[in-house]
Every structure is written in structure tokens, then in C-alpha cells.
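Numbering (numbering that gives the first Met the number 0), first residue to last: 0 to 343. C-beta: ideal position from N, C-alpha, C; glycine also. Quick caveat: nothing in here was measured; it's all calculated off a predicted structure.
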Amino acid sequence: MHKSLLRVAAGALSLALLMSGSACGSGGGDDAASASGGTVTWYTPMPEEPARRLAEAFQAESGIEVEVLRQSAGELLARLKAEAGRPAADVIGLASGDAGPLAKEKLIRSFKPAADGIDKRFLDPQGYWHANELILMTVGVNADRWKEETGGAPLPTTWDELLRPDLKGQLVMPNPTLSGTGYTFVATQIFRHGDEAGAWKFLDEFHELIGQYTDSGGAPSQLVATGEYAAGVSFAHDLLNVRGAGFPIELVYPKPTGVVISGNALVEKSPNPQGGEKLVQWLQGKKASQMIVDLVHSYPVRSDVDLPDGAQGLAELDLVDYDPVRAGEMRDAVSKEFAKRYGV
């Protein structure tokens, strides 16, 4: 775990340059909004309800209204690029590996707020990304469907143990060309194999078992929980949320699995740069960090925040050496190859 987290941190620290919408407030532009700091627009792949709650809490403390646009990570990155030069967003949520390319394109800007309480491994000294949570790649299993389809085989403990012919059409995963969750899964396979050739061989076999590629990262956990599929690729926090709601779902951390840093960045030439800075800094505080853990069930980057209920400690997990810089650099090429191979 220590080696892998340091690898994540090393990739993050080498960045020189890192969740449709629910609105909180009226949209800005009137005298009252101007007097209280205006309106901040936040693009985020965070689930809608937690994002709304965080926006409301920030507004209550700062007097700054927040407009929240929630889409998948891939959709938000495409939107940001389409709006280059005349952005609508002040803050955008993204994974660590996406920051390098965006900084090179001058789509995000540097900002160095106070960072008391944040694990130094998850700080970007250049100030391009601002970590809020650690995201773990996992598999959700519907125990009843698994038993029915496999005849009672043991739950998988590795990625390769999912490659069972009796699971044909019984797996679900997010489309990596649209979803950050889906792309993290693909990148995890590349890093654990050490090369793309081995990863594509695994993905070719995995594709034969897929019953559906979803547009969003959160959908597989729901489809598995309701029994539509036996197992699905998902981030740990999505599965913990579903399990916490009372659905019969087992959480599997395949060996080895990927972990990425998720956070926010400030948009270059945004409408409200000062308001964006205040939101970014507030989201890294202890109160907001604990809210993210409690609402999203992701892992914290602060040392003074509790782990989510039901989550395995990082020391218990076998993690790949996930390189966020390389993940960001190869995303376009890998996504194109995935679309070409599998027709998504």
C-alpha cells in the first residue's frame, strides 16, 4: 500500500502545470448576489445529492451562491474544452491524471491555498489540482445472481477470476469513453499488466462477458444491486452507498486494484475567479472533507477525517502502481482504441 500510494503521490507531485445539474441559488448577476460574492459555477462528477449538500453548506458559510452542473467526468472534460476561451465554470472536479493535459492547454490555473491537515502526499506543489478524496476501483457482486450464474463459486478475489464463461452477458461496466470510472478500470488493467498488449488481451475476454456499457460510473452499482447483472465494475464509494441503502451487494477489491486522487481545479479565465478560489479552499477543509466521506463514502485525503463505514483500510488492500500522469496522457488514445475494438 505504501509503495502504491507513494507512486500515486509521486505522479501527482510531478504535475508541473489535477462528479444533469442541480442548482443551489438563483444564478448570480443581481445586486444581492454581487454583494455576497457573486455566483460560483461548479462542474463536478460527484453524485448529485452530495454535491448539492456541499454547495448549500458552502453558501451558508460564505454567502456565495453555487450553481452545480453534475455530469460524468468525460462529459465535463469535453464541455470544458468546448468552452475554452469563454468558460462558464469557475471550478471543475477531475481526477489527478487529467490535470497535466488541461494545464498544458491552459484550461486550468494554479492556486496555492493553505493546506493544513492534508496529507502532504496528496498536495500538488504547483497548485493545479486540489485533492478531496481517494477513489478505489472495485467490483460489486449480487450474491444471489452470482450463485445462480456460477453454481455457487467463491466470490472473485482477482480481476482474472471474473473471466468465467458462465458469466457471459452478466457483467456491467461504465463506458470508458464517457466515464472516468470506466477509464480508471481500463487504466488499472494497463498498469497491472505492465503493458497495453496484456491489458487488451484481458479486455478482449472481459468484453465477451459484458451485458451493458453504461454512460455513467454510478449506474453499474445500481444495476447489480437490483439483480439485473451478477457483477459490475464500480468505484468503492458508489457500492458503499448502494449497500448502505440496504441492497444485497458484496464489495470486492480485486488484487491488485487501482486508486486515484480526485479533486477540483480552477478554470482559467473563469467568470468568478475569487469565488472559485474560496470554494476550492473550503472543500479541502475538515468540515467539507468529513461531509464528503459521510455523503460519498470515499476515502479522505486529510489525516483528521474518519474513514467511511464498511470500507477496508488502505493498509489491507493490494494496489497497483497507478500512474496518474501517464493515465491522463494516454486517455485519448486508449479511449479511441476501446471504442474501435468494442463498438461503443
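Considering only DSSP beta bridges, list what residue i is partnered with.
| i | result |
| --- | --- |
| LEU133 | ILE260 and TYR298 |
| THR213 | PRO173 |
| PHE234 | MET136 |
| VAL39 | VAL65 |
| LEU316 | DSSP lists no partner for LEU316. |
| LEU250 | GLY139 |
| LEU265 | VAL90 and ARG108 |
Keeping to the same chain, check which residues put their C-beta closer than 7 Å to that of residue i; ignore five residues upstream and five downstream.
| i | result |
| --- | --- |
| SER35 | Only weak support exists for where SER35 lies, its pLDDT of 48 falling under 50; the value from the coordinates is given anyway. The residues are GLY62 and ILE63. |
| SER215 | SER71, PRO173 and SER178 |
| GLY284 | none |
| ASP303 | GLY116 and LYS285 |
| ASP30 | Here ASP30 scores only 37 on pLDDT, less than 50, and its place in the model should not be relied on; the value that follows carries that caveat. Closer than 7 Å at Cβ, skipping near neighbours: no residue. |
| ALA142 | PRO247 and GLU249 |
| THR213 | VAL171, PRO173, ASN174 and PRO219 |
Do residue j and residue i count as a contact pair if the criterion is CB distance below 9 Å?
| i | j | result |
| --- | --- | --- |
| VAL258 | TYR182 | no |
| TRP41 | LEU68 | yes |
| LEU238 | THR157 | no |
| GLY37 | ALA326 | no |
| PRO44 | GLY92 | yes |
| PRO219 | VAL232 | yes |
| LEU208 | LYS167 | yes |
| THR187 | VAL343 | no |
| HIS236 | GLU132 | yes |
| VAL300 | ASP89 | no |
| ALA94 | ILE134 | yes |
| LEU278 | VAL39 | yes |
| ALA56 | GLY262 | no |
Could you name the residues of the same chain whose beta carbon sits closer than 6 Å to that of residue i, not counting the 5 residues immediately before and after it, in chain order?
| i | result |
| --- | --- |
| THR149 | ASP165 |
| THR191 | It is Arg, not Thr, that sits at residue 191 in the sequence shown. PRO255 and VAL319, listed in sequence order. |
| SER269 | PRO86, ASP89 and GLY275 |
| PRO112 | GLN280 |
| THR180 | PRO173, GLY216 and PHE234 |
| GLU328 | none |
| VAL295 | PRO49 and HIS236 |
| ASP317 | LYS254 and PRO255 |
| TRP145 | ALA229 |
Would you say the beta carbon of residue i comes nearer than 8 Å to a heavy atom of the ligand SAH?
| i | result |
| --- | --- |
| SER334 | With respect to small molecules bound, the structure shown includes none, and the ligand SAH cannot be examined in it. |
In chain order, what residues of the same chain have a beta carbon less than 8 Å from the beta carbon of residue i, not counting five sequence neighbours either side?
| i | result |
| --- | --- |
| PRO155 | VAL138, VAL140, LEU161, ALA230, VAL251 and PRO253 |
| ASP305 | GLN289, VAL292 and PRO299 |
| GLU336 | TRP199 |
Three CB pairs or more closer than 8 Å across the region 102-117 and the region 226-237: no
Runs of beta strand (DSSP E) wholly within the region 151-199 (minimum 3 residues, chain order): 170-173
Runs of alpha helix (DSSP H) wholly within the region 51-127 (minimum 4 residues, chain order): 72-81 and 95-103
Sufficient close CB pairs (3 or more, under 8 Å) joining the region 51-61 to the region 301-320: no
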